[in-house]
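Following: one structure in structure tokens, then a few remarks.
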Amino acid sequence: MSLDLTLAKDAYAHAKIAFVSDHSGSSAWTVALVISACVLSYALTALLQDRHHLPHNNGLVDCAALVLPMLLSVTLLAEYLMPLNATLLVLTLLLVATSPSTKEAEADENPDGSRPLPGRTFLTAYRAHLLLLTAISILAVDFPVFPRYFAKCETYGTSLMDIGVGSFVFSLGLVSARPLLLRPGDTLLQRMPTAIKSSAITLLLGLARVLAVKGTDYPEHVTEYGVHWNFFITLGILPAVGALAASLRRYISFTTLATILLIRHNTWLRSGLAEWALEAERTDLISMNKEGITSLSGYIVIYLFAADVGFLVLPRSGRSGREELTSLALRLARDSMVWLSMYLVSTLYKDLPVSRQLANASYVLWIMAFNTVSLVAYILIDIARTTGTRVPRPPLLMTAINKSGMTTFLLSNVLTGLIGKTFQTIYMTDGPALAILGAYMLTVSLVACWLYRRGDRLQSMISA
60 MSLDLTLAKD AYAHAKIAFV SDHSGSSAWT VALVISACVL SYALTALLQD RHHLPHNNGL
120 VDCAALVLPM LLSVTLLAEY LMPLNATLLV LTLLLVATSP STKEAEADEN PDGSRPLPGR
180 TFLTAYRAHL LLLTAISILA VDFPVFPRYF AKCETYGTSL MDIGVGSFVF SLGLVSARPL
240 LLRPGDTLLQ RMPTAIKSSA ITLLLGLARV LAVKGTDYPE HVTEYGVHWN FFITLGILPA
300 VGALAASLRR YISFTTLATI LLIRHNTWLR SGLAEWALEA ERTDLISMNK EGITSLSGYI
360 VIYLFAADVG FLVLPRSGRS GREELTSLAL RLARDSMVWL SMYLVSTLYK DLPVSRQLAN
420 ASYVLWIMAF NTVSLVAYIL IDIARTTGTR VPRPPLLMTA INKSGMTTFL LSNVLTGLIG
480 KTFQTIYMTD GPALAILGAY MLTVSLVACW LYRRGDRLQS MISA
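Structure follows, in structure tokens:
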């Protein structure tokens, strides 16, 4: 009996790995439609709350209004993204035309009633949506209700989960500019202890994930990052690299440094690194983790490019009004068109296909174009919501998710592992799958709201 059970477990493990492997993705347009539905659902929810048609500070309401459309857009409604977007857009425009805002916006406050450092509502919404969509995708990919073209591409191609990985790094790079704005005169010795602390905690989480996966024989897609490498390890390296780059900023900008690194990285890829990463046998510790090692340079480039975007979009003082937001939107739209143009030019060359696994130049350009365009969309929503000199606060759930980003990501990974060990997800029909995904996202959302009100110590340690 025990032998039969072991064989059954092994057979399921192999079936699950096959289920999430060898995919070629979708068009970049399909990915854009998913994100567009998320942005429009946020616009509709925020405007309803501004006009008092939906209550503020209610995690359950926010979960239903923000998370449910997102979940449906990557499952049951994945084949109907155009009608979904059209419906959300029409409802939003009707609301704007027929129901004017009733009062000037209130400024954000912390749970204890104190005013935070100057923030941006559009950044909170952008980062929260990214984290929520990441949380959905890392579990949903194990169910048939999640279309296979949304799963990570094996080698080359564009997909929803491919954009999520790079966007997560972009988001971290974006907010890494904040301490540089607050303390521009800090030296490397002053910055490094904080960076090392942040890196150490994230690297420990990466090590814990390795031990958990290996210790429980959890099915893993080795060609994503390697045998031992995982995304936490990549994330853990970035703060220390950022601190080193910050020490050089008086001599060379992040964008210039990132450009040099990108050219060097792509040269290495063309000189045999790509072939090694995709085809070499795993004979030692380095080659066992060749995907994570190869892609690291590309993620560092995204992180540094995003840091320079952060210097543009992060506030330096006070609250922002409509005029300042409009000026920011125009400047960022100009930059996003440059990124988009470079990405579109790269697609004309058959020898430069997008590859998350390699984090090559085309992938970097796609990530930069996609995220800067997305930020412009969120800024436009802020402009539409602004009635005085201050922008309305974001929904409670978005604020909570944004404040506890790494904790939310960790919780999502833990719950995904527990659900994966409990259920044979790849054989589950749509109804039970959606019930599990709904309960999972409700748990993640409510825990994030609870942590926000109580104070998130893990996030504080990572961000300190």
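200 is the number that our numbering gives to position 141 of the sequence shown; each next residue is one higher, with no gaps.
No residue lacks a Cβ here, since even glycine has one placed at the ideal position from N, Cα and C.
Here the structure is a predicted model, which is why all the values come from computation and not from measurement.
In this model, Val-200 and Gly-514 are separated by some 31 angstroms (Cα to Cα). In the structure shown, Thr-157 falls within a helical segment according to DSSP collapsed to helix, strand and coil. Less than 8 angstroms separates the beta-carbon of Leu-233 from that of Gly-369. Annotation: His-287 to Ala-156 spans about 54 angstroms, alpha carbon to alpha carbon.
If you ignore the 5 residues before and after Thr-275, its C-beta comes within less than 7 angstroms of the C-beta of Lys-480, all in its own chain and listed in chain order. Scanning its chain for C-beta atoms nearer than 7 angstroms, with the 5 sequence neighbours on each side dropped, one finds around Leu-192 the residues Cys-97, Met-129 and Gly-223, in chain order. Relative to Leu-389, the option among Val-372, Ala-105 and Ala-72 whose CA is nearest is Val-372. Take the alpha-carbon of Trp-335 and the one of Leu-264: they are about 28 angstroms apart. Only exposed fits Met-141, as fewer than 16 other CB atoms lie within 10 angstroms of its CB. For Trp-327, the enclosing alpha helix (DSSP H) covers residues 313–327. One thing to note: Leu-474 has its Cβ no nearer than 8 angstroms to the Cβ of Cys-508.
Residue environment for Ile-311: exposed (fewer than 16 other C-beta atoms within 10 angstroms of its C-beta). The residue from Ser-132, Leu-107 and Leu-131 with its alpha-carbon nearest to that of Val-120 is Leu-107. Between the region 279–298 and the region 344–362, the count of Cβ pairs shorter than 8 angstroms is three or higher; the stretches touch.
With 16 or more other Cβ atoms inside 10 Å of its own Cβ, His-188 counts as buried. Counting the other Cβ atoms within 10 Å of the Cβ of His-324 gives 16 or more, which makes it buried. Scanning Ala-498, Leu-501 and Phe-209 for the CA closest to the CA of Phe-78 turns up Phe-209. DSSP places Ser-433 within a helical segment (H, G or I) once states are collapsed to three.
In this structure, His-280 is the residue among Pro-453, His-280 and Ser-235 with its C-alpha nearest to the C-alpha of Ile-76. Taking the C-beta atoms as reference points, Leu-92 is found no nearer than 8 angstroms to Thr-104. Counting only the Cα atoms, Ala-194 lies some 8 angstroms from Thr-467.
Separation of Leu-182 and Ala-492 (C-alpha to C-alpha, rounded to the nearest whole angstrom) is 31 angstroms.
If you draw a straight line from the Cα of Ala-271 to the Cα of Pro-278, it comes to about 11 angstroms. In this structure, Gln-416 sits away from Glu-340, with a CB-CB distance that is not shorter than 8 angstroms. DSSP, reduced to helix, strand and coil, places Ser-85 within a strand of the structure shown. Note that the C-beta distance between Leu-332 and Thr-353 is below 8 angstroms.
Looking at Trp-398, Lys-273, Ala-236 and His-111, the one whose alpha-carbon comes closest to that of Pro-374 is Ala-236.
DSSP lists Ser-85 as the beta-bridge partner residues of Thr-217.
Taking a contact to require three or more Cβ pairs closer than 8 angstroms, the region 213–220 and the region 405–413 qualify as touching. Comparing C-alpha distances from Ser-83 to each of Ala-259, Phe-482, Arg-207 and Ala-443 shows the shortest one belongs to Arg-207. In terms of Cα proximity to Tyr-402, the closest of Glu-383, Ile-426 and Arg-381 is Ile-426. Closest in C-alpha terms to Leu-262, from the list Val-269, Phe-291 and Asp-245, comes Phe-291. The C-alpha of Ala-124 is placed about 7 angstroms away from the C-alpha of Ser-100.
Using a Cβ distance threshold of 8 angstroms, Val-423 and Leu-399 do not count as a contacting pair.
Look at Asp-245 here: in three-state DSSP terms it is coil, with no helix or strand label. Distance from Gly-285 to Tyr-362 at the Cβ level is roughly 20 angstroms; contact not present, criterion being Cβ atoms closer than 8 angstroms.
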